[in-house]
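Trainee: Pasting in a structure now, in structure tokens, and then I'll have a few things to ask.
Protein chains: 2
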Amino acid sequence: MAELPLPELDPLSDRAVFRQIADHVREAIERGALHEGDKIPSEAQLMQHYGVARMTIRNALQVLQSEGLTVAEHGRGVFVRSRPPVRRLASDRFARRHRERGKAAFIVETEEAGGKPSVDSIKVSEAAAPSDVAERLELAGGEHVIVRSRRYLINGQPVETAVSYLPSSIAQGTQIEQPDSGPGGIYARLEELGFRLDRFVEEIRSRMPFREEVRALKLAPGVPVFHLIRTAYAADGRPVEVCDTVMSSDAYVLSYELPAR
Amino acid sequence: MAELPLPELDPLSDRAVFRQIADHVREAIERGALHEGDKIPSEAQLMQHYGVARMTIRNALQVLQSEGLTVAEHGRGVFVRSRPPVRRLASDRFARRHRERGKAAFIVETEEAGGKPSVDSIKVSEAAAPSDVAERLELAGGEHVIVRSRRYLINGQPVETAVSYLPSSIAQGTQIEQPDSGPGGIYARLEELGFRLDRFVEEIRSRMPFREEVRALKLAPGVPVFHLIRTAYAADGRPVEVCDTVMSSDAYVLSYELPAR
DNA sequence: AAGTGGTCTAGACCACTCT
DNA sequence: GAGTGGTCTAGACCACTTT
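So the sequences go chain by chain: A and B. Residue 261, in UniProt numbering, is where the first sequence stops; the numbers in between run on with no holes. Residue 261, in UniProt numbering, is where the second sequence stops; the numbers in between run on with no holes.
Following this line, the structure appears as structure tokens:
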């Protein structure tokens, strides 16, 4: 406490006490008096400094946590949140020239950035298509899809989950049904099967994660996710794959190039 | 309460009571027993149903609120959050053919979607460029920029704030410095000035909003924002504008087309 | 006036981390 | 064992909305 000078409460203010306290700590972080990873004063210290009940302090800390500014560690303290290195996704990441190098985009990019990529939880199955997927794939009534799900990690830290859907009529009996989809990944296999890829459409949403997503991506409280749905189209205009991915917004900056045309 | 059957607590579970309660309500929402805008049982009703203290109920409700599933209205109750109509941004939205129609992209698209677009808080000034803007605009040491900020609304509901930065050497003394930038907006003016636009690069981040952003966009608790930074490049490769926008993630789905090349 | 959520107090016991 | 955050109780008073 001695090290971090915090203002006193303003008894005349209309602003709730717990909000004033949250403001003080937030400002300390924003002006750089507290850095990433620094411990903020304990609940007991803050109670003493402000002369308020514990619940009032916890309310204030809760505000900061839901803003993604701090993380509490049970038994250790509350710390200013530090952000992982960010992965930038460029809009040419699915260009054929990359695919032809025989490695999946994720592996190449992560290694180039000096990280250790890995993929786990690979599962493949066949099932009825969820309705939004069926619509995007323009499936005739009830056609099944091959479902490939997996999780991507950088330096052991999960950053993204992905689920691909391909029409059974295309993928059944091919290497796409194997856990290891081979050099260049699904898109390379599709081209070998004669589906020359023409373009991708990505739809991006941002929202708070569901419970399972918090677990799968080890998300800190207050971190939203990108929800990205990519549809791959073959040269004849036929949609051949839908990939549904959820990414920690902490770990990604998406980048797209638009022609002015 | 009578209308909404909620399970009992599992006294053997390791899961905290307030989390179990949050789970019950969340599941009711997810399975459709509660719809958008429905009122969930009051704190008093939940206390009675579960036989726990008020703080425990409030803790549970707080979880749902920070997940963006519910909104509390003082004196009325807690409601299942309803989402505003979504605006889809397609990657051709800055195509020249749209610009030539003489209206800004935002106005045209919103009207086509049956909404009433408006723009307010328009401010124009000249200032030193923030360092990230200076970098993107490749400004020589200390060159100033014209700063245009404004807020976009649909049916009176704010959905986006935007700040554009243009090198003073380009924009000074032009209509770009006027509050009304004229038909077709800034991009039309730039082309008249001889800067034929070639391409745009958009960088997208997602994060929880800052306090001022919550105010400016009237964001519900638990709603993240898109932070989008667009750089416009002229045909000679020179960056001529940077636009920094913050969008309610509730109100937008971004869509981009990528060539497989 | 009755019902709702918003804020706050003053305790209690527990689980985890560090030394 | 001391210090930390996690959970929970049982009250209180207030501000806002509805009837």
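We put the beta carbon where it would ideally sit given N, CA and C, even for glycine. This structure is a prediction, so every number in the text was calculated from the model and none was measured.
Could you name the residues of chain A that B:Met208 contacts, counting a contact when the two beta carbons are closer than 7 Å?
Mentor: In the second sequence, residue 208 of chain B corresponds to position 208, counting from 1. Simply Glu67, Gly68, Gly222, Pro224.
Trainee: For B:Glu138, which residues from the same chain have a beta carbon less than 7 Å from its beta carbon, with the 5 sequence-adjacent residues on both sides left out?
Mentor: As a first step, residue 138 of chain B is located in the second sequence; it is residue number 138 there, counting from the start. Cβ neighbours of B:Glu138 beyond the five flanking positions: Pro239.
Trainee: Roughly how many whole angstroms lie between the Cα atoms of A:Asp14 and A:Gly222?
Mentor: On the first sequence, position 14 is the one that residue 14 of chain A refers to. On the first sequence, position 222 is the one that residue 222 of chain A refers to. Approximately 26 Å, taken between the alpha carbons.
Trainee: In angstroms with no decimal places, state the Cα-to-Cα distance between B:Ala235 and B:Arg196.
Mentor: As a first step, residue 235 of chain B must be located in the second sequence, where it is residue number 235. As a first step, residue 196 of chain B must be located in the second sequence, where it is residue number 196. If I take the Cα positions, the gap works out to 6 Å.
Trainee: Looking only at its chain, what residues have a beta carbon closer than 6 Å to the beta carbon of B:Lys123, apart from the 5 residues adjacent to it on each side?
Mentor: Here residue 123 of chain B refers to the residue found at position 123 of the second sequence. These residues qualify, in order along the chain: Ser149.
Trainee: Along chain B, which residues have their Cβ under 8 Å away from the Cβ of A:Ser91?
Mentor: On the first sequence, position 91 is the one that residue 91 of chain A refers to. Near A:Ser91 (Cβ distances below 8 Å), the residues of chain B are Tyr256, Leu258.
Trainee: Whole angstroms are fine: how far does the CA of B:Val253 sit from the CA of B:Ala2?
Mentor: Within the second sequence, residue 2 of chain B is the residue found at index 2, counting from 1. Within the second sequence, residue 253 of chain B is the residue found at index 253, counting from 1. Its pLDDT being 42, under 50, B:Ala2 is placed unreliably in this model, and the coordinates cannot settle the point.
Trainee: How many whole angstroms separate the CB atoms of B:Leu166 and A:Ser91, which I take to be in contact at a CB cut-off of 8 Å?
Mentor: Position 166 of the second sequence, counted from the first residue, corresponds to residue 166 of chain B. Position 91 of the first sequence, counted from the first residue, corresponds to residue 91 of chain A. Rounded, the Cβ-Cβ distance is 24 Å, inconsistent with contact.
Trainee: Beta carbon of A:Leu64, beta carbon of A:Ala22: below 7 Å?
Mentor: Counting from 1 along the first sequence, the entry for residue 64 of chain A is found at position 64. Counting from 1 along the first sequence, the entry for residue 22 of chain A is found at position 22. Yes; because the gap between Cβ atoms is below 7 Å, this pair is in contact.
Trainee: Less than 6 Å between the CB of A:Thr245 and some heavy atom of the ligand PLP, yes or no?
Mentor: For the structure depicted, the ligand PLP is absent and the ligand set is empty, with no information on it obtainable.
Trainee: Is DSSP giving A:Met208 helix, strand or coil here?
Mentor: Indexing the first sequence from 1 puts residue 208 of chain A at position 208. Of the three classes helix, strand and coil, the one that applies to A:Met208 here is coil, per DSSP.
Trainee: For A:Arg238, write down the residues that DSSP places opposite it in a beta bridge.
Mentor: Translated into positions along the first sequence, residue 238 of chain A becomes position 238. A:Arg238 pairs with nothing; no bridge assigned.
Trainee: Distance cutoff 7 Å, beta carbons only. Does B:Ser13 sit that close to anything in chain A?
Mentor: Here residue 13 of chain B corresponds to residue number 13 of the second sequence, with the count starting at 1. Chain A, which has no Cβ nearer than 7 Å to the Cβ of B:Ser13, makes this no.
Trainee: Looking at the C-beta of B:Val253, does it have a partner C-beta in chain A at a distance below 7 Å?
Mentor: In the second sequence, counting from the first residue as 1, residue 253 of chain B sits at position 253. Chain A, which has a Cβ nearer than 7 Å to the Cβ of B:Val253, makes this yes.
Trainee: With C-beta atoms as the reference, is A:Ser164 less than 7 Å away from A:Glu241?
Mentor: By one-based count along the first sequence, residue 164 of chain A stands at place 164. By one-based count along the first sequence, residue 241 of chain A stands at place 241. In contact: A:Ser164 and A:Glu241 (Cβ atoms closer than 7 Å).
Trainee: Please work out which residues of its chain come closer than 6 Å, Cβ to Cβ, to A:Ser118, disregarding the five sequence neighbours upstream and downstream, and give them in chain order.
Mentor: Here residue 118 of chain A refers to the residue found at position 118 of the first sequence. The answer, listed in chain order, is Leu153.
Trainee: Below 8 Å on the Cβ atoms is my contact criterion, and I expect A:Val201 with A:Thr245 to pass it. Report the Cβ-Cβ distance as a whole number of Å.
Mentor: Working through the first sequence from its first residue, we reach residue 201 of chain A at position 201. Working through the first sequence from its first residue, we reach residue 245 of chain A at position 245. Going by Cβ atoms, the distance from A:Val201 to A:Thr245 rounds to 14 Å, so no, they are not a contact pair.
Trainee: Which residues in chain B have a C-beta closer than 9 Å to the C-beta of A:Ala95? List them in chain order.
Mentor: Position 95 of the first sequence, counting from 1, holds the residue named residue 95 of chain A. Under the 9 Å cutoff, chain B gives Leu258, Pro259, Ala260, Arg261.
Trainee: Using a Cβ-Cβ distance under 7 Å, would B:Ala2 count as near chain A?
Mentor: Numbered from 1 along the second sequence, position 2 holds the residue referred to as residue 2 of chain B. The predicted model places B:Ala2 with a pLDDT of 42, which falls under 50 and marks its position as unreliable, so this point remains unresolved.
Trainee: Should B:Asp180 be labelled buried (16 or more other beta-carbon atoms within 10 Å of its own) or exposed?
Mentor: Looking up residue 180 of chain B in the second sequence gives position 180. Counting Cβ neighbours within 10 Å, B:Asp180 comes out exposed, since fewer than 16 surround it.
Trainee: Specify the secondary structure class of B:Ser13 as computed by DSSP and reduced to three states.
Mentor: Residue 13 of chain B sits at position 13 when you count from the first residue of the second sequence. Coil.
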